[in-house]
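Heads up, the sequence shown is in the UniProt record's numbering, so the first residue is 1 and it goes up one at a time.
C-beta: ideal position from N, C-alpha, C; glycine also.
The structure under discussion appears below in the form of C-alpha cells.
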Amino acid sequence: MPSFNEHATAVVRGAGIFDNGGASNAVAYLNELADLQSLESKEEKTSRQASGTVTYSLDPVECASPAAAEKVRKHLDSSVLVKLCKKMIANYFNPLSVDDYTCHGYVPVILGACIMSHGCLTPLESLPGYHMFLTTYRQFLCGIFGTAPLTVGAKVQMKKALDGPDPFKPGTGINFRTYGLSATVDPSIKPFLDEKSHKTIGGMPLNYKGKYESDAHAVVSMIGPCSKGDMEYGPADECGGCSRKLKKGLICARCKDQRYCNRECQRKDIRRHKAVCRTPEDVEAMFGTRSIMWMNTYHMVGGGGMGGLGSLMQMFGGMGMGMGN
Numbered sequence: 001m002p003s004f005n006e007h008a009t010a011v012v013r014g015a016g017i018f019d020n021g022g023a024s025n026a027v028a029y030l031n032e033l034a035d036l037q038s039l040e041s042k043e044e045k046t047s048r049q050a051s052g053t054v055t056y057s058l059d060p061v062e063c064a065s066p067a068a069a070e071k072v073r074k075h076l077d078s079s080v081l082v083k084l085c086k087k088m089i090a091n092y093f094n095p096l097s098v099d100d101y102t103c104h105g106y107v108p109v110i111l112g113a114c115i116m117s118h119g120c121l122t123p124l125e126s127l128p129g130y131h132m133f134l135t136t137y138r139q140f141l142c143g144i145f146g147t148a149p150l151t152v153g154a155k156v157q158m159k160k161a162l163d164g165p166d167p168f169k170p171g172t173g174i175n176f177r178t179y180g181l182s183a184t185v186d187p188s189i190k191p192f193l194d195e196k197s198h199k200t201i202g203g204m205p206l207n208y209k210g211k212y213e214s215d216a217h218a219v220v221s222m223i224g225p226c227s228k229g230d231m232e233y234g235p236a237d238e239c240g241g242c243s244r245k246l247k248k249g250l251i252c253a254r255c256k257d258q259r260y261c262n263r264e265c266q267r268k269d270i271r272r273h274k275a276v277c278r279t280p281e282d283v284e285a286m287f288g289t290r291s292i293m294w295m296n297t298y299h300m301v302g303g304g305g306m307g308g309l310g311s312l313m314q315m316f317g318g319m320g321m322g323m324g325n
C-alpha cells in the first residue's frame with residue numbers, strides 16, 4: 001500500500017460546511033436579517049399560493065425550488081448582501097448584544113458559504129470588509145475562517161472556495177455538500193484525518209496535538225475594541241486617519257477614545273471607526289451580570305471554569321440562543 005506521502009491524496013473526513021451542527025441556526029438568523037419572510041409573503045400574495053407554500057432561504061438547498069433559489073439570489077444581489085456583510089463585520093468586531101455574537105466568526109463564514117452556494121453575481125472582493133488587510137469581505141473571510149469552529153473538511157472547503165484550486169466564480173453556485181470533500185491535500189494535515197477529525201471543540205479537532213497553533217491575537221479584534229491601540233495597529237496616541245503621533249487633537253465625541261489630527265483625518269477613518277466605536281456605557285455594560293457571557297473572550301478562555309466544552313454548551317443552549325446568534 002502506498003504511503004500517504006507517496007500519493008498525498010485523501011478523502012477529507014468530516015462534515016461539510018453546512019453540516020457543522022449550528023449551520024441551520026445560522027442560516028435561520030441570516031434569513032431573518034435578509035427579510036426573506038417578507039419576500040415569501042409577497043410572493044404568496046402575488047401568485048395566490050397558500051400560506052407557507054413558498055420557502056426561501058440563504059441556503060439554496062432549503063429553497064422550495066430552483067426558481068425560488070434564483071429569486072433569493074436576485075434579492076441578495078439587489079444590495080442586500082452589502083447590508084448583511086456590514087452587519088457581520090459590526091457583529092464580529094463590535095458585538096453589543098447577545099444576538100450579535102458570531103461564534104468566533106462562524107456566522108460570517110456561513111454567510112460567505114451562502115453567497116457562494118447561490119452563485120451570487122456580486123464578487124466577494126466588492127463586498128465591504130473592515131480595515132487594513134481585511135478591506136473586502138473575501139479578505140475578512142480569509143482572515144477568520146481558520147479560527148472559526150468548523151470541521152477540517154469545512155475548512156478545506158472554504159480554503160478551496162476562496163483561494164482555489166477551482167475557487168468560487170460569481171454566477172456559478174457551489175454545492176458545499178460535496179465540494180472539496182475529496183481532495184489532494186498537504187501531507188502535513190494527515191494527523192487531522194483520522195476517525196476523530198470530524199469532531200471539533202472550539203474549532204479544533206479532538207485529535208489536535210499542538211500542530212497549527214494559532215495565536216488568538218492573530219485574528220484582528222476578537223472582542224471589538226474601539227481604539228487603534230487595542231487593535232494593535234499602533235499606540236492609542238496615534239491619529240486614526242494618518243497615524244501621526246498626537247499629544248492633543250480631536251477626540252471622537254461618541255466613544256471619547258479615538259483621536260484625530262483634524263476633521264479631515266476623522267472623515268478618512270469614519271468607515272473603520274464606525275464599526276467598532278463604543279460609548280463608555282457600552283463598555284461598562286459589557287461587565288454587567290449577563291454581558292460577560294456573550295463576550296468572545298468568555299468563550300475563548302472557557303468561561304465559567306468549565307473549559308471549551310462548557311463554553312460550547314452554553315453557546316448552544318444555556319443562553320437560549322442558537323449557534324447562529
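| Item | Value |
| --- | --- |
| C142 versus V156: straight-line alpha-carbon distance, rounded | 12 Å |
| C-alpha gap between G171 and R259, whole angstroms | 43 Å |
| Local Cβ density within 10 Å of K71, reported as buried at 16 or more and exposed below that | buried |
| Proximity below 8 Å, CB of A26 to CB of I110 | yes |
| Delimiting residues of the alpha helix (DSSP H) encompassing residue 326 | Because the chain here runs from 1 to 325, residue 326 falls outside it and cannot be looked at. |
| Distance between C255 and A275 (C-alpha atoms, nearest Å) | 12 Å |
| 6 Å Cβ shell around I251 - same chain, five flanking residues per side excluded | R259 |
| 8 Å Cβ cutoff met for E40 and V61 | no |
| I110 (DSSP reduced to helix, strand or coil) | helix |
| Supposed contact pair P128 and K86 - C-beta distance, whole angstroms, cut 8 Å | 6 Å |
| Span separating the alpha-carbon of P165 from that of S24 | 27 Å |
| Cα-Cα separation, A218 to G146 | Low confidence applies to A218: its pLDDT is 35, below 50, so where it sits in the model is not reliable enough to give any reading. |
| Length of the line joining the Cα atoms of D257 and Q139 | 27 Å |
| Nearest-angstrom Cβ-Cβ length linking A113 and F18, presumed shorter than 8 Å | 7 Å |
| Presumed contact (8 Å Cβ cut-off) between V80 and A34, rounded CB distance | 6 Å |
| Residue of C103, I270, L30, E264 minimising C-alpha distance to L150 | C103 |
| Counterpart residues of R259 in DSSP-defined beta bridges | I251 |
| Under the three-state DSSP convention, the category P128 falls into | strand |
| Where T151 sits in the DSSP three-state scheme | coil |
| Chain C within 8 Å of R271, Cβ atoms only | Included in the structure is just one protein chain, with no chain C present. |
| Distance, V107 Cα to Q266 Cα | 31 Å |
| Under 8 Å between C-beta atoms of R278 and N91 | no |
| C-alpha gap between L96 and H273, whole angstroms | 15 Å |
| Integer Cβ distance of L181 from G22, believed to fall under 8 Å | About 19 Å; that fails the 8 Å criterion. |
| CA nearest to the CA of G153, picked from P167, H131, T178, T135 | T178 |
| Alpha-carbon spacing of A69 relative to E238, whole angstroms | 48 Å |
| Buried or exposed by the 16-neighbour rule on C-beta atoms within 10 Å, applied to R244 | exposed |
| Inter-residue spacing [alpha-carbon to alpha-carbon] between M116 and F168 | 6 Å |
| Reference L30; option with closest CA among V82, A64, Q49 | V82 |
| For T136, the residue or residues it bridges with in DSSP | P128 |
| Limits of the unbroken alpha helix (DSSP H) element including I89 | 81-93 |
| Test item: CB-CB of S57 and L36 under 8 Å | yes |
| Cβ pair D77, L121 closer than 8 Å | yes |
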